[in-house]
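Okay, so here's the structure we're looking at.
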Amino acid sequence: MSPPHFHRPYLISTELVGQSRYILGVDQDGDEADKRIIAYPEGTQGEHVAWIFKPQPGSPNVSIECGMHEVFAKNGKLWGTMEGKDRPEVQNSAWEIKPRGDNALADDYLIKSAPAFEGWWFEGDEGSHIDLRSTSPNHEDIRLQQLFRFVALL
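Counting in my numbering, the sequence shown runs from 36 upward without gaps.
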């Protein structure tokens with residue numbers, strides 16, 4: 036299993052046992068330039084839910100865009116901005132995408148910041164937040180909250 040294709044749009048979803056499926060996207064509430072990345076219950080999300088992965092030259096890592104917002108980490112949370120790539124937090128944003136590794140959930144991936152070991156984590160009331168939490172370097176003890184499914188849109 037390989038990471039998603041570059042420049043191809045995907046939905047990213049997550050699901051905990053006994054709960055609904057959630058689609059990750061950009062929270063459009065508020066007027067601030069930086070927008071939180073959240074999880075919408077399936078069927079209720081807005082239009083800013085298409086994810087694109089872009090290669091970083093000379094690196095196995097990727098930069099990530101969601102709904103034309105460049106995705107970056109700040110204070111343990113995921114954010115998106117349309118302000119441009121000149122901001123240091125956007126320039127330094129590198130993500131590593133790792134397949135889960137077993138055949139049971141072949142489309143599920145871990146997404147973590149590179150080179151740190153902070154992975155995306157599905158969290159919050161009704162699963163509305165995506166936080167960053169420490170992950171083990173060898174991906175042992177993977178939890179469902181860390182797994183995300185990529186669904187190609189085209």
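Using N, Cα and C, we set each Cβ at its ideal position, and we do this for glycine too.
It should be emphasised that the depicted structure is a prediction, and the values quoted were computed from it without experimental measurement.
Distance check for residue j and residue i, CA to CA, integer angstroms please.
| i | j | result |
| --- | --- | --- |
| L51 | H164 | 13 Å |
| P39 | L145 | 12 Å |
| N138 | D176 | A caution first: N138 carries a pLDDT of 49, below 50, which makes its placement in the model too unreliable to give a value. |
| A129 | Q54 | 30 Å |
| K109 | P90 | 21 Å |
| C101 | T116 | 9 Å |
| S169 | G154 | 6 Å |
| K120 | P92 | 15 Å |
| R71 | E118 | 14 Å |
| F185 | F41 | 12 Å |
| D69 | Q63 | 10 Å |
Starting from residue i, trace the beta strand (DSSP E) both ways and give me its first and last residue.
| i | result |
| --- | --- |
| E50 | Y45 to E50 |
| T170 | It is not in any beta strand (DSSP E) - T170 carries neither H nor E in the DSSP assignment. |
| H104 | H104 to K109 |
| I58 | R56 to V61 |
Are residue i and residue j close, meaning C-beta to C-beta below 8 Å?
| i | j | result |
| --- | --- | --- |
| Q126 | W156 | no |
| I47 | F183 | yes |
| E124 | N96 | no |
Check for me: the alpha helix (DSSP H) holding residue i runs from which residue to which?
| i | result |
| --- | --- |
| V125 | P123 to Q126 |
What does a CB cutoff of less than 7 Å around residue i pick up in its chain, not counting 5 residues either side in sequence?
| i | result |
| --- | --- |
| V166 | For the record, residue 166 in the displayed sequence is Asp; it is not Val. Excluding sequence neighbours, D166 sits near G111, K112, W156 and E158. |
Going along the chain, which residues of its own chain have a beta-carbon closer than 6 Å to the beta-carbon of residue i, five neighbours each way excluded?
| i | result |
| --- | --- |
| T49 | Y57, F157 and F183 |
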